[in-house]
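Just so you know, we're using our numbering here: the sequence shown kicks off at 102 and counts up by one. Even glycine gets a Cβ: it sits at the ideal position worked out from N, Cα and C. Notes for the one structure printed next.
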Amino acid sequence: MTKSTPQSDWRLAHGVTFILLMACALAFPMLRRWPWVWLAPFIAYFLLIVCVPCLRRSMGWLRAGKLSSASVIVTIGVMALTVLALVLFHTMVRPEVRGYRAAIPFDALGGVIIAGVIFTIVNATLEELVFRGVLFDALESQWGTWVTLIATALLFGLGHLRGYPSGIVGACLAALFGFAVGVLRLWTGGLALPIVAHMAADATIYCILVHGGPA
């Protein structure tokens with residue numbers, strides 16, 4: 102555990118605040134559906150940041166990061182391996198996907214194609230803001246780099262137990278992916294490349310779900 106300072110304590114407060122806001126959101130059934138399960142807590146969180154000066158001054162996690170040719174190449178590699186793993190899983194296991202498809206509001210989002218673009222961008226961005234953003238920074242302020250990297254990867258895996266792919270296998274795959282994008286977050290110091298890599302995963306998942314039957 103790293104030495105506590107007022108700045109690190111406020112960074113931790115960001116994570117605690119967001120978790121409490123998310124717990125409040127989950128208390129309302131209408132907010133348990135995508136994207137409100139992520140969006141509602143973030144709206145409240147950013148409103149609090151605007152209103153509370155100490156939270157506003159201690160918010161340092163929302164940044165794109167520094168890109169390099171090496172980090173971009175590694176990101177492309179992560180994207181390729183992620184797409185390959187998802188396609189191989191679906192081809193070999195052939196899980197039922199109708200339940201997942203039913204959760205996507207195709208009509209409300211303007212049809213299959215527009216819904217896919219919105220889902221890919223919004224879901225990837227919101228999840229990275231949570232796991233490699235506010236929670237990553239809060240944990241790193243208290244427990245350092247490696248504990249944070251492993252903890253956020255495990256949390257990401259647990260958060261996808263009921264996602265696609267689901268179950269233990271899905272959680273393990275998600276945790277590995279979470280570790281990979283966590284490394285990108287540490288390497289670049291920001292969220293741009295983790296979000297891009299996550300978009301590749303979500304776009305692949307969306308295509309798999311749509312391919313499972315007519316929308």
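Taking all protein chains in view, the Cβ of Ile-296 is crowded by 16 or more other Cβ atoms within 10 Å, so the residue is classified as buried. A distance of 7 Å or more separates the beta carbons of Met-160 and Pro-142. The residues Ser-172, in chain order, have a CB closer than 6 Å to that of Trp-288 in the same chain once the five nearest residues on each side in sequence are set aside. Collapsing the DSSP output to three states places Ile-205 in coil. In terms of Cα proximity to Ala-275, the closest of Val-235, Gly-234 and Glu-229 is Glu-229. Judged by their CB atoms, Ala-293 and Gly-166 are nearer to each other than the 7 Å cut-off. Judged by beta-carbon spacing, Ala-181 lies beyond the 7 Å limit of Asp-303, meaning their Cβ atoms are not closer than that value. When DSSP states are grouped into helix, strand and coil, Glu-197 belongs to the coil group.
Nearest Cα to Trp-137 within the set Val-223, Gly-291 and Leu-156: Val-223. DSSP, reduced to helix, strand and coil, places Met-160 outside both helices and strands of the structure shown, so it counts as coil. CA-to-CA, the gap between Trp-111 and Phe-257 works out to about 23 Å.
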